[in-house]
Amino acid sequence: MTLYKFNLLPYDRQLVAVFDAGHKVATRWEEEDWVNLYWLPGGIFVELYYDTHLKEITQLKSFTSSDPLGDYAAYVQLPEEL
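Every number in the numbering used here is 281 more than the matching position in the sequence shown, counting from 1.
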């Protein structure tokens with residue numbers, strides 16, 4: 282899947298794609314939110330923001346650029362098949 286096709290999916294289908302095909306590679310904190318980074322086949326990265334007070338995912342960001350990965354540098358564990 283390409284980033285363009287992923288972004289065309291409705292939000293709920295994006296979440297299904299992340300949980301079905303994604304590999305969690307890192308977690309970081311941003312203020313009071315957990316931010317989980319997932320890698321999807323096709324080179325797509327997805328950040329899921331989890332609000333610890335609301336106990337729900339509040340935001341999803343997808344990208345293919347390596348620039349946002351700097352926030353995870355100390356925590357990234359890529360799948361063995363990479």
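Positions of the beta carbon are idealized from the N, C-alpha and C atoms, including for glycine.
Quiz item: What are the start and end residues of the alpha helix (DSSP H) that includes LYS305?
Solution: Looking at the DSSP string, LYS305 is not in any alpha helix (DSSP H); the run it does join, the beta strand (DSSP E), is 304-311.
Check whether the Cβ atoms of GLY324 and THR345 sit closer than 7 Å, and answer yes or no.
-> yes
Quiz prompt | Simplified DSSP state of LYS336, which is helix, strand or coil | solution = coil
* Bounding residues of the alpha helix (DSSP H) (the contiguous stretch that carries TYR353) -> Per DSSP, TYR353 belongs to no alpha helix (DSSP H) and is neither H nor E.
| DSSP three-state call for LEU318: helix, strand or coil? | strand
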